[in-house]
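Have a look at the structure below before the remarks.
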Amino acid sequence: MSAANQIAPKKVTTYSFGEMKQRGEKIAMLTSYDYSMARIVDGAGIDAILVGDSASNVMAGFDTTLPITLDQMIYHAQSVKRAVSRALVVVDLPFGTYQGNSKLALASAIRIMKETGADAIKIEGGEEILESVERILSAGIPIMGHLGLTPQSIHKFGTYTVRAKEEAEAEKLVKDAHILEKAGCFAVVLEKIPAALATRVTKELSIPTIGIGAGNGTDGQVLVAHDMLGITNGFSPRFLRRYLHLYDDISNAISSYVDDVKNVDFPNEKEQY
Ligand code: KIV
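Sequential numbering of the sequence shown, starting at 972, is according to our numbering.
Printed below as a string of structure tokens:
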């Protein structure tokens, strides 16, 4: 029996996230943006599903996460929620729906929770978004923070390379992580930062850290499902482990279908009425 089959079908909650950290159980998280993928991911025993604004890249083909709208995120999250029975579902607030305006932030978070039935929201940033964090939390909406490489700020960074390698940025990240914990966030994503820094933050915080490109010292890991399944290609950061190469497999299957149709091999006698 696979490890996934042995997992009790008990619904994962923000509370169980904390319990998992306490008992040293690693948290496994993947993205999903649609019903069919979320059904497979949830059924395979994932702890948490992120309806990430990476949908902007993966689903819509944009270069950055900035263009995706709140309405589009809600559409993706509703599709995912219909498929999920066990995993915790976390939804990204997209760019422009929470920065610099805590009232807008609360309104955006309420729309996500009300219209999708998600369990929590995720937002990028530390001290600079504290007012939004506090206002959303005051409405009883759980928040997963996101520090390190924060793709919604790509135009400020100018590059997707590793963050917080220099001491000043590393110290700001540690401070921000404590600010998010103190405010009441239930977890924090650490993206593309040195493993030693992620391990330090993980040890200092009592809430779980979920790493992506942050080494194995975090309390959990998150990957974009389309990346680890090899559906996307031409994107090979060091941190990405590809478990399948579906781009090639799907492409080969489609070429075979085209050949079969052209050669009048499909459908055969058994495939017709
Ligand atoms: O949108 C996303 O997929 C994310 C993960 C990379 C953490 O934020």
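Just so it is clear, CB atoms sit at the ideal spot from N, CA and C, and this is done for glycine as well.
Can you give me the Cβ contacts of residue i inside the same chain, cut-off strictly under 6 Å, excluding the 5 residues immediately before and after it?
{"i": "residue 1050", "result": "1005 and 1006"}
{"i": "residue 968", "result": "Because residue 968 is not part of the residues shown, which for the chain are 972 to 1244, the question remains open."}
{"i": "residue 976", "result": "Here the model assigns residue 976 a pLDDT of 49, short of 50, so the residue's position is not dependable, and the following value carries that caveat. Excluding positions up to five away in sequence, the list is empty."}
{"i": "residue 1037", "result": "1066"}
{"i": "residue 1170", "result": "1188"}
{"i": "residue 1045", "result": "1086 and 1087"}
{"i": "residue 1024", "result": "1036, 1039, 1063 and 1065"}
{"i": "residue 1203", "result": "1197"}
{"i": "residue 991", "result": "998"}
{"i": "residue 1133", "result": "1163"}
On the DSSP bridge assignment, give the partners of residue i in chain order.
{"i": "residue 1162", "result": "1119 and 1183"}
{"i": "residue 999", "result": "1192"}
{"i": "residue 1114", "result": "1092"}
Short of 7 Å in beta carbon distance, which residues of its chain neighbour residue i, apart from the five on each side in sequence? Order them along the chain.
{"i": "residue 1196", "result": "1001, 1002, 1003, 1008 and 1012"}
{"i": "residue 1173", "result": "1180, 1188, 1189 and 1190"}
{"i": "residue 1101", "result": "1150 and 1154"}
{"i": "residue 972", "result": "Low confidence applies to residue 972: its pLDDT is 45, below 50, so where it sits in the model is not reliable enough to give any reading."}
Contact check, residue i vs residue j under 8 Å by CB: the rounded distance?
{"i": "residue 1161", "j": "residue 1189", "result": "6 Å"}
{"i": "residue 1022", "j": "residue 1048", "result": "4 Å"}
{"i": "residue 1113", "j": "residue 1090", "result": "7 Å"}
{"i": "residue 1178", "j": "residue 1163", "result": "Not really, about 20 Å apart at Cβ, beyond 8 Å."}
{"i": "residue 998", "j": "residue 1019", "result": "7 Å"}
{"i": "residue 1110", "j": "residue 1077", "result": "6 Å"}
{"i": "residue 1061", "j": "residue 1081", "result": "Their Cβ separation, rounded to whole angstroms, is 16 Å, which puts residue 1061 and residue 1081 out of contact at 8 Å."}
For residue i, collect the residues of the same chain with a Cβ closer than 8 Å to its Cβ; drop the 5 residues on either side in sequence, then sort them by chain order.
{"i": "residue 1034", "result": "1028"}
{"i": "residue 1097", "result": "1116, 1118, 1143, 1144, 1146, 1147, 1148, 1150 and 1151"}
{"i": "residue 1218", "result": "1201, 1202, 1203 and 1204"}
{"i": "residue 1176", "result": "1148, 1149, 1152 and 1159"}
{"i": "residue 1068", "result": "1041, 1075, 1076 and 1079"}
{"i": "residue 980", "result": "1056 and 1057"}
{"i": "residue 1230", "result": "1236"}
Segments of 4+ residues assigned as alpha helix (DSSP H) that fall wholly inside the segment 1008-1092 | 1026-1029, 1041-1054 and 1073-1087
Lining residues of the ligand KIV - beta-carbon closer than 7 Å to any non-hydrogen atom, in sequence order = 1002, 1021, 1023, 1024, 1025, 1036, 1063, 1093, 1117, 1122, 1160, 1162, 1183, 1193 and 1195
Can you list, in chain order, the stretches of the alpha helix (DSSP H) that have 4 or more residues and sit fully within the segment 1199-1234?
-> 1217-1233
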